[in-house]
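Novice:
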Amino acid sequence: MIARPQSLGEEIANSLSHGIGFLAVIAVTPVLILAALPHGAGQVVGVSVFAATMAAVYLTST
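Reminder that position 49 of the sequence shown reads as 67 in my numbering, one-by-one numbering, no gaps.
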């Protein structure tokens, strides 16, 4: 597959959508952790790893 260069508008849209995704992960992480608390430490660790990974993905792609 041959990659084509993205237009400036596409680059801006990608940056905005990934920035919004990063902010959403930051906003939702406490809710996920609170929901995982009654289910034990393993669930809290799992949610934390998931949230950290999602934040890293969105942050590095912005």
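Even for Gly, the Cβ is constructed at its ideal location relative to N, Cα and C.
In whole angstroms, what separates the C-alpha of ALA69 from that of HIS57?
Specialist: Translated into positions along the sequence shown, residue 69 becomes position 51. Translated into positions along the sequence shown, residue 57 becomes position 39. Spanning the two alpha carbons is a distance of roughly 17 Å.
Novice: Would the beta-carbon of ILE44 fall within 9 Å of that of ALA73?
Specialist: For the purposes of this step, residue 44 is taken as the residue at position 26 of the sequence shown. For the purposes of this step, residue 73 is taken as the residue at position 55 of the sequence shown. Contact: yes.
Novice: Any idea what DSSP makes of GLY39, helix, strand or coil?
Specialist: By one-based count along the sequence shown, residue 39 stands at place 21. GLY39 falls in the helix class under three-state DSSP.
Novice: Look up SER25 in the DSSP assignment and say whether it is helix, strand or coil.
Specialist: Along the sequence shown, one-based indexing puts residue 25 at 7. In the structure shown, SER25 sits in coil (DSSP, three-state: anything other than H, G, I, E or B).
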